[in-house]
Amino acid sequence: MPNLLARLLKLKVFLLLRCWLRLVFVRTLLVIFGFDRSLKILGLNKLAESSGSNDLPQWRERGLYFQRAAKLVPNARCLARAMALCHWARQCATPAVLVIGVQRTADKTLAHAWSVICNEVVDDSASIIANF
0 MPNLLARLLK LKVFLLLRCW LRLVFVRTLL VIFGFDRSLK ILGLNKLAES SGSNDLPQWR
60 ERGLYFQRAA KLVPNARCLA RAMALCHWAR QCATPAVLVI GVQRTADKTL AHAWSVICNE
120 VVDDSASIIA NF
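As structure tokens, then:
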């Protein structure tokens with residue numbers, strides 16, 4: 000049993016490391032090239048093609064790990080997380096869509112980004128997205 004637990008822990012650490020590396024890459028692209036060029040570099044400016052597996056629990060877990068990894072990357076907010084997750088999903092031939100919502104009030108404008116796979120949000124909660 001301890002051997003199984005150790006193997007599981009290694010897999011989770013490996014997943015966190017993969018998410019962290021992807022997040023650092025996307026955050027670096029955003030800083031150097033800006034939003035538009037980063038979308039083109041990552042291929043997120045095109046429509047997603049549906050040809051791969053749509054394993055939603057796997058992508059939800061990866062979304063959670065991107066949230067954890069974002070705590071280790073300076074200024075890695077929702078946009079970088081959503082872009083990194085969409086890019087990874089599309090590399091695995093899973094149709095993913097980057098969604099950006101905007102909420103305007105009299106005194107401020109707020110924006111939020113999230114990933115959608117098979118018409119389901121995979122990296123955020125419905126209560127947060129309901130505001131946008």
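Taking numbering that gives the first Met the number 0, the leading residue of the sequence shown gets 0, the next gets one more, and so forth.
In this text, a Cβ means the ideal position worked out from N, Cα and C, and glycines have one as well.
Between residue i and the rest of its own chain, which residues show a CB-CB distance below 6 angstroms, the 5 nearest in sequence each way excluded?
i    : result
A112 : C77, L78, A81, I99
L14  : Y64
In chain order, what residues of the same chain lie with their CB nearer than 7 angstroms to the CB of residue i, ignoring the 5 residues before and after it?
i   : result
F65 : C18, L22, R80, A83, L84, D122
L43 : M82, C85, H86, L97
Of the choices the options, whose alpha-carbon is the least far from that of residue i?
i    : options             : result
A88  : L55, L28, L10       : L55
S114 : R26, K70, T108, R59 : R59
From residue i to residue j, what distance separates their C-alpha atoms?
i    : j    : result
K39  : V120 : 23 angstroms
V25  : S37  : 8 angstroms
L29  : A110 : 16 angstroms
T104 : F131 : 11 angstroms
T27  : D35  : 14 angstroms
N118 : Q90  : 18 angstroms
I127 : Q102 : 12 angstroms
L10  : N2   : 13 angstroms
V72  : A129 : 26 angstroms
Q57  : G33  : 29 angstroms
Does residue i pass the burial test, meaning 16 or more other C-beta atoms within 10 Å, or should it be called exposed?
i    : result
R67  : exposed
L41  : buried
R61  : buried
I116 : buried
I95  : Going by the sequence as given, residue 95 is Ala instead of Ile. A95 comes out buried.
A92  : exposed
A125 : exposed
For residue i, which residues of its own chain have a beta-carbon under 8 angstroms away from its beta-carbon, when the five flanking residues on both sides are left out?
i   : result
N74 : R26
Ordered list of alpha helix (DSSP H) runs contained in the region 55-120, each at least 4 residues: 55-69, 77-90
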